[in-house]
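Participant:
Protein chains in written order, with my numbering: chain G, -13 to 211; chain A, -13 to 211.
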């Protein structure tokens, strides 16, 4: 079986991506990055899903991005609430973490070289998304090009790295339906920028709103978040 | 003064790069990454030089790359010794850290966005070097392209990110001479893949050999390493 590295946050999109990669026959090496996000429950969801969906391995790398600052997701800055769907996706919100996906995909690339994988799966989405520049197809293509220049495996021609973003053109409702068809238990996912102390979602940030819209449009009750 | 981020390991090349960026009039934000390298002295040299060379700020980000494995620099694997100059630079040695510079430049990019810098300085060298793919000009150019697609600052047109690798075509002797002309105290630098417990260089790894050759050819006694 070909091997793939899956960037697994524990949210709806990355978990669906893992389920899809498994259904396509990949041996999945899941990578979670503990970058000082606000709640441990996200990483617990990642660990649960790696096991439930049959990942070959799940590694957690600690990287304290708070040392760099600059984001409402890593600093003590308020996450915007109740922006409404017209506002979400217009402009880049303060929840943007500087260079986040460059760093996270860089770690995936390192892990891929170590385990001999050439496919990097990321749950990036350019439809129902928060407007981050590093979720766009042109960014992902540029990273793919970089990956093949950056690595021993790429330079020695052992294979060609590909960044796989299968959700990139899907609506949140389509993602939910896909995941359910693959047997994903969304009760163990967390998609919130500002959960409370016990890990319950706020229901009001961009991420919670996009998730709610997705389940509503899919005609399904959200078992989690 | 324009701001620049400098990737500062504490070795000869990165310290010279910091001195050069300062001499070019940049306000320098130095970034060191503690990725589980073998000795604290490297980070102590970085801190010393950031202060000595007048960096505006010096941040250290912890990232345990040992969680990914795959390199003699981060794992419990022997560093090659006494390879001789004919062997150094032919093929990619086991000291190669998978995706190292992709990850480190990604962190520099995040830091640059936070402080409003657009120039990323890295002491990469493609002449007297160990043969790593992510020190080559084509890699650095691909990263520059990525940086402008990856970031809020790039997308909003606040500036254009540039990867500056001023040492890329210099011999080690030229680097030593340049640094000395800029007043660098090389007594507080460490360029060794395998220092002993007290932080003294082994004298036999690729890095030690390249450094010795540089000082010899420059006709100068190495005050450090």
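Beta carbons: idealized from backbone N, C-alpha and C, even for Gly.
1) Closer than 7 Å, Cβ to any Cβ of chain A: which residues of the stretch 88 to 112 of chain G, in chain order?
2) Flag this pair as touching only if the stretch 107 to 124 of chain A and the stretch -11 to 4 of chain A have three or more C-beta atom pairs under 8 Å; answer yes or no.
3) Once DSSP output is grouped into helix, strand and coil, what is the label at residue 14(G)?
4) In the DSSP assignment, what residue or residues form a beta bridge with residue 78(G)?
5) Less than 8 Å between the CB atoms is what I'm expecting for residue 95(A) and residue 207(G), so what's the real figure, rounded?
6) By Cβ distance, which residues of its chain are closer than 8 Å to residue 50(A), with the 5 residues on each side in sequence left out?
7) Tell me which residues share the same chain as residue 36(A) and place their Cβ nearer than 6 Å to its Cβ, disregarding the 5 neighbours each side in the sequence.
8) Quick one: what does DSSP say residue 65(G) is sitting in, helix, strand or coil?
9) Which residue's Cα is closest to the Cα of residue 48(G): 123(A), 19(A), 32(A) and 183(A)?
10) In this structure, how does DSSP classify residue 107(G) when only helix, strand and coil are distinguished?
11) Should residue 165(A) be flagged as near chain G, meaning a C-beta pair shorter than 9 Å?
12) Take the Cβ of residue 119(A) as the centre, count every other Cβ of all protein chains shown within 10 Å, and call the residue buried at 16 or more, exposed below.
13) Is the beta carbon of residue 178(G) closer than 9 Å to that of residue 211(G)?
14) Just to make sure I have the definition right: I need the residues of chain A whose C-beta is within less than 7 Å of the C-beta of residue 82(G). Which are they?
15) Could you check where the alpha helix (DSSP H) with residue -7(A) kicks off and where it finishes?
16) Residue 186(G) lies in the beta strand (DSSP E); which residues open and close that run?
17) Determine the extent of the alpha helix (DSSP H) in which residue 160(A) is found, giving its start and end residues.
18) Using DSSP bridges, identify the partner residues of residue 49(G).
19) Note down the Cα distance separating residue 7(A) from residue 138(G), rounded to an integer number of angstroms.
20) If you scan the stretch 109 to 151 of chain G from start to end, which runs of the beta strand (DSSP E) of 3 or more residues do you find wholly inside it?
21) So what does DSSP say about residue 19(A), is it helix, strand or coil?
22) Could you say which of 192(G), 202(G), 175(G) and 199(G) lies nearest to residue 33(G) if we only look at CA atoms?
23) Would you tell me roughly how many angstroms separate the C-alpha atoms of residue 27(A) and residue 194(A), rounded to the nearest one?
24) Which value, in whole angstroms, describes the spacing of the CA atoms of residue 156(A) and residue 168(A)?
25) Any idea what DSSP makes of residue 25(A), helix, strand or coil?
26) Express the C-alpha separation of residue 83(A) and residue 60(A) in angstroms, rounding to a whole number.
27) Considering only C-alpha positions, which residue in the set 128(A), 153(A) and 142(A) is nearest to residue 112(A)?
28) Taking residue 209(G) as the reference, which of 91(G), 165(G) and 171(G) has the closest Cα?
29) From the beta carbon of residue 1(A), is the nearest beta carbon of chain G less than 9 Å away?
30) Just checking my contact of residue 200(G) with residue 159(G) at CB under 8 Å: how many whole Å lie between their CB atoms?
31) So, at 6 Å on beta carbons, what are the nonlocal neighbours of residue 163(A) in its own chain, with the 5 sequence-adjacent residues on each side left out?
32) Whole angstroms are fine: how far does the CA of residue 183(A) sit from the CA of residue 68(A)?
33) Excluding the 5 residues preceding and the 5 following residue 38(A) in the sequence, name in chain order all residues of the same chain whose CB lies nearer than 8 Å to its CB.
34) Using a beta-carbon distance below 9 Å, is residue 154(G) in contact with chain A?
35) Here's a check: name, in chain order, each residue in its chain whose Cβ is nearer than 7 Å to the Cβ of residue 31(A), leaving out the five neighbours to either side.
36) Alpha carbon to alpha carbon, how far is residue -12(A) from residue 41(A)? Give it in angstroms, no decimals.
Facilitator: Considering the structure as presented:
1) With the criterion set as a beta carbon lying under 7 Å from some beta carbon of chain A, the members of the stretch 88 to 112 of chain G are 88, 89, 92, 93, 95, 96, 97, 99 and 100, in sequence order.
2) Contact holds between the stretch 107 to 124 of chain A and the stretch -11 to 4 of chain A, because three or more Cβ pairs, one in each stretch, are under 8 Å apart.
3) Your numbering for residue 14(G) matches position 28 in the first chain. It is a strand residue.
4) Position 92 of the first chain, counted from the first residue, corresponds to residue 78(G). Answer by DSSP bridge pairing: none, since residue 78(G) is not bridged.
5) Taking the first residue of the second chain as 1, we reach residue 95(A) at position 109. Taking the first residue of the first chain as 1, we reach residue 207(G) at position 221. The distance from the Cβ of residue 95(A) to that of residue 207(G) is about 41 Å, inconsistent with a contact at the 8 Å cut-off.
6) The residue labelled residue 50(A) in the question sits at position 64 within the second chain. 21 and 22, listed in sequence order.
7) Sequence index remark: in the second chain, residue 36(A) carries index 50 (1-based). The residues are 16 and 44.
8) Mapped onto the first chain, residue 65(G) falls at position 79. Reduced to three states, the DSSP call for residue 65(G) is coil.
9) As a position in the first chain, residue 48(G) is number 62, starting the count at 1. For the residues 123(A), 19(A), 32(A) and 183(A), the minimum Cα distance to residue 48(G) belongs to 19(A).
10) As a first step, residue 107(G) is located in the first chain; it is residue number 121 there, counting from the start. Three-state result, residue 107(G): strand.
11) Locating residue 165(A) in the second chain gives position 179, counting from the first residue. For residue 165(A), the answer is no, since every Cβ of chain G falls outside 9 Å of its Cβ.
12) Along the second chain, read from residue 1 onward, the residue named residue 119(A) stands at position 133. Buried: at least 16 other Cβ atoms inside 10 Å.
13) Locating residue 211(G) in the first chain gives position 225, where the first residue counts as 1. Locating residue 178(G) in the first chain gives position 192, where the first residue counts as 1. In this structure, residue 178(G) lies closer than 9 Å to residue 211(G) by Cβ.
14) Working through the first chain from its first residue, we reach residue 82(G) at position 96. 138, listed in chain order.
15) Here residue -7(A) refers to the residue found at position 7 of the second chain. Taken as a continuous stretch (DSSP letters only), residue -7(A) belongs to no alpha helix (DSSP H), being part of the beta strand (DSSP E) at -11 to -7.
16) On the first chain, residue 186(G) is found 200 positions in, with the first residue counted as 1. Careful: residue 186(G) lies outside any beta strand (DSSP E) and carries neither H nor E.
17) Locating residue 160(A) in the second chain gives position 174, counting from the first residue. Looking at the DSSP string, the run of the alpha helix (DSSP H) that includes residue 160(A) is 158 to 167.
18) What you label residue 49(G) is simply residue 63 of the first chain in a count that begins at 1. As computed with DSSP, residue 49(G) is found in a beta bridge with 49(A).
19) Locating residue 7(A) in the second chain gives position 21, where the first residue counts as 1. Locating residue 138(G) in the first chain gives position 152, where the first residue counts as 1. Each residue's Cα considered, the two are about 30 Å apart.
20) Scanning the stretch 109 to 151 of chain G for uninterrupted beta strand (DSSP E) segments of 3 residues or longer gives 148 to 150, listed from N- to C-terminal end.
21) Against the second chain, residue 19(A) aligns to sequence position 33. Note: residue 19(A) maps to strand in three-state DSSP.
22) If you number the first chain from 1, residue 33(G) lands on position 47. For residue 33(G), the closest C-alpha among the options 192(G), 202(G), 175(G) and 199(G) is that of 175(G).
23) Stepping through the second chain from its first residue, residue 27(A) is reached at position 41. Stepping through the second chain from its first residue, residue 194(A) is reached at position 208. Cα-Cα distance, rounded: 15 Å.
24) Position 170 of the second chain, counted from the first residue, corresponds to residue 156(A). Position 182 of the second chain, counted from the first residue, corresponds to residue 168(A). Whole-angstrom Cα-Cα distance: 16 Å.
25) Taking the first residue of the second chain as position 1, residue 25(A) is located at position 39. Three-state result, residue 25(A): coil.
26) As a first step, residue 60(A) is located in the second chain; it is residue number 74 there, counting from the start. As a first step, residue 83(A) is located in the second chain; it is residue number 97 there, counting from the start. Going from the Cα of residue 60(A) to the Cα of residue 83(A) covers about 8 Å.
27) Taking the first residue of the second chain as 1, we reach residue 112(A) at position 126. For residue 112(A), the closest alpha carbon among the candidates 128(A), 153(A) and 142(A) is that of 153(A).
28) As a first step, residue 209(G) must be located in the first chain, where it is residue number 223. Ranking the options by Cα distance to residue 209(G), first place goes to 171(G).
29) Indexing the second chain from 1 puts residue 1(A) at position 15. Chain G, which has no Cβ nearer than 9 Å to the Cβ of residue 1(A), makes this no.
30) For the purposes of this step, residue 200(G) is identified with residue 214 of the first chain, where counting begins at 1. For the purposes of this step, residue 159(G) is identified with residue 173 of the first chain, where counting begins at 1. Indeed they touch by this definition, with Cβ atoms about 5 Å apart.
31) Position 177 of the second chain, counting from 1, holds the residue named residue 163(A). 204.
32) As a position in the second chain, residue 68(A) is number 82, starting the count at 1. As a position in the second chain, residue 183(A) is number 197, starting the count at 1. Going by the C-alpha atoms only, they are around 20 Å apart.
33) As a first step, residue 38(A) is located in the second chain; it is residue number 52 there, counting from the start. Take residue 38(A), set aside five residues on each side of it, and the residues of its chain with a beta-carbon closer than 8 Å to its own are 171 and 174, in chain order.
34) For this step, residue 154(G) is matched to residue 168 along the first chain. The Cβ of residue 154(G) sits no closer than 9 Å to any Cβ of chain A.
35) Here residue 31(A) refers to the residue found at position 45 when the second chain is read from its first residue. These residues qualify, in order along the chain: -4, 174, 175 and 176.
36) Sequence index remark: in the second chain, residue 41(A) carries index 55 (1-based). Sequence index remark: in the second chain, residue -12(A) carries index 2 (1-based). About 13 Å.
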